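Per numbering that gives the first Met the number 0, the sequence shown starts with residue 0, numbered consecutively. In this text, a Cβ means the ideal position worked out from N, Cα and C, and glycines have one as well. Quick caveat, the model's predicted, so the values are computed rather than measured.
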Amino acid sequence: MKAIPSIFSLAVLCLMCGAGEGHGDVPKKPVLSRYSELWTNSAFTIPPAKEVVEVEEDNPLDEYTLAGTCEVEGGWFVVLINKKERDKRIRLHPGEKNDEGFEVVKVERGASYMDTRVEIKNRSGKIGSVEYDKKFIVLKKATPRAPVGKKPVVKPGQKPPTSRAPTPSARPSSSSSASKPRVRRIPSPPKR
């Protein structure tokens with residue numbers, strides 16, 4: 000029986016030595032991606048909202064600017080200016096076809112006329128928007144007033160001449176009073 004405990008102790012000793020070889024290495028740090036599931040699908044957090052990325056299409060009306068809008072019977076009358084050729088203007092009347100195939104979809108008026116925005120559909124069905132551009136909206140200069148008469152030049156030290164318009168008299172004028180001015184006499188105060 001003594002042999003059994005010694006065999007048993009020998010077997011235990013071998014197992015301990017063999018197991019010691021595998022556990023004797025320095026522990027390695029786990030890869031960070033091992034825990035990625037915890038922060039992406041955690042039971043304690045709300046998943047982030049999926050962002051919808053809208054691809055902006057080019058505005059088919061980039062080369063035009065708004066020149067004027069007016070609400071008329073049956074819709075909107077809109078005038079567009081070509082930015083490259085300012086003389087080229089497109090007038091969009093409600094219910095009428097035009098050469099470019101433009102059609103007014105919607106007009107949004109702002110607080111000021113400069114905040115007005117017009118959505119227009121072209122022949123291909125694309126909808127673009129047009130707004131006023133400050134570079135193209137320029138007030139014309141007013142025509143100068145016509146000169147009334149030539150004003151005399153006043154030299155320094157000279158009194159400016161006063162022009163008096165003739166006043167109509169209430170009395171009928173006679174030929175003698177017209178030639179001589181009336182002399183006014185002021186009585187002198189009495190002496191004391």
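Checklist entry - Contact between the region 114-134 and the region 63-71: three or more CB pairs below 8 Å? => result yes
Checklist entry - Are at least three pairs of beta-carbons, each pair with one atom in the region 82-101 and one in the region 30-49, less than 8 Å apart? => result no
Item to check | Residue range of the unbroken beta strand (DSSP E) whose run includes residue 115 | outcome: Element bounds for residue 115: n/a, residue is neither H nor E.
Item to check | Pairwise C-alpha distance: residue 118 and residue 124 | outcome: Looking at the backbone, the Cα of residue 124 and that of residue 118 are separated by about 12 Å.
Checklist entry - What is the rounded straight-line gap between the Cα of residue 185 and the Cα of residue 158? => result Approximately 28 Å, taken between the alpha carbons.
Checklist entry - Between residue 107 and the rest of its own chain, which residues show a CB-CB distance below 6 Å, the 5 nearest in sequence each way excluded? => result Closer than 6 Å at Cβ, skipping near neighbours: 116.
Item to check | Uninterrupted beta strand (DSSP E) stretches inside the region 46-131 (no shorter than 3 residues) | outcome: 63-71, 74-81, 88-91, 102-107, 116-120, 126-130
Next on the checklist: Excluding the 5 residues flanking residue 81 on each side, which residues of the same chain have their C-beta closer than 8 Å to its C-beta?
Outcome noted: 62, 63, 87, 88, 89
Checklist entry - In this structure, does DSSP put residue 7 in helix, strand or coil? => result helix
Next on the checklist: Our contact map puts residue 94 next to residue 74 with C-beta atoms below 8 Å; I'd like the distance itself, whole angstroms only.
Outcome noted: 7 Å
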